[in-house]
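Scroll down for the structure; my scribbles are underneath it.
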Amino acid sequence: FAPLPILTVPLFDQEVVGLDMLRRMAEAIYGEDDPTRLYYVGQAQQVLKQDGLYLLRIPLPFVHKEDIHLTRSSGDELIVRIGNHKRNILLPHVLATLEVQRATQEGDWLVITFQEEGLS
């Protein structure tokens, strides 16, 4: 999930319902941190148009190409698996109806090329 920070929340002994439980959860997640601060400035992914094709660029440092497995859901998600880790990426509207043409690795980036169905 890099470069996005991962915050953890414990499993509570009761369901998180009501303001008291929400406060308890907020304290567990943020502690003394300000929950309104920006935790990441930048782009977790990039969408580019190049030569009539759309590219989705996702940063994936320290990953080997052979460890990456992509699956397109029947809806608007792309599932990225790396070993035991899985990330469901909700595709931007402009990519949701397009077909995945190929995926390549460019340095620390996974680059997924989309095209309109039936075009090559």
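Taken in order, the sequence shown gives residues 4 to 123; the numbers are from our numbering.
Even glycine gets a Cβ: it sits at the ideal position worked out from N, Cα and C.
All values reported here derive from a predicted model rather than from experimental measurement.
#1: Within this structure, are the beta carbons of A99 and D79 separated by less than 8 angstroms?
#2: On the three-state DSSP scale, how would you describe R84?
#3: Return the CA-CA distance between Q3 and P64, expressed in angstroms with no decimal places.
#4: Nearest by alpha-carbon distance to G55: which of L94, L113, L101, L22 is it?
#5: Give me whichever residues DSSP pairs with Y42 in a beta bridge.
#6: First and last residue of the beta strand (DSSP E) that includes I61?
#7: Grab the span of the beta strand (DSSP E) containing L113 for me, first residue to last.
#8: Can you tell me whether H96 is helix, strand or coil according to DSSP?
#9: Our contact map puts L94 next to L81 with C-beta atoms below 8 angstroms; I'd like the distance itself, whole angstroms only.
#10: Going straight from the alpha carbon of T11 to that of I32, what length do you get?
By the coordinates alone:
#1: Contact flag set, yes.
#2: Strand at R84.
#3: Outside the displayed range of the chain (4 to 123) lies residue 3, so it cannot be described from this structure.
#4: The shortest C-alpha to C-alpha distance from G55 to any of L94, L113, L101, L22 is the one to L101.
#5: Y42 pairs with nothing; no bridge assigned.
#6: Run containing I61: 56 to 62, per the beta strand (DSSP E) assignment.
#7: Note, L113: beta strand (DSSP E), 112 to 118.
#8: Note: H96 maps to helix in three-state DSSP.
#9: Cβ-Cβ separation between L94 and L81: approximately 6 angstroms, consistent with a contact (criterion under 8 angstroms).
#10: Those two C-alpha atoms are separated by around 6 angstroms.
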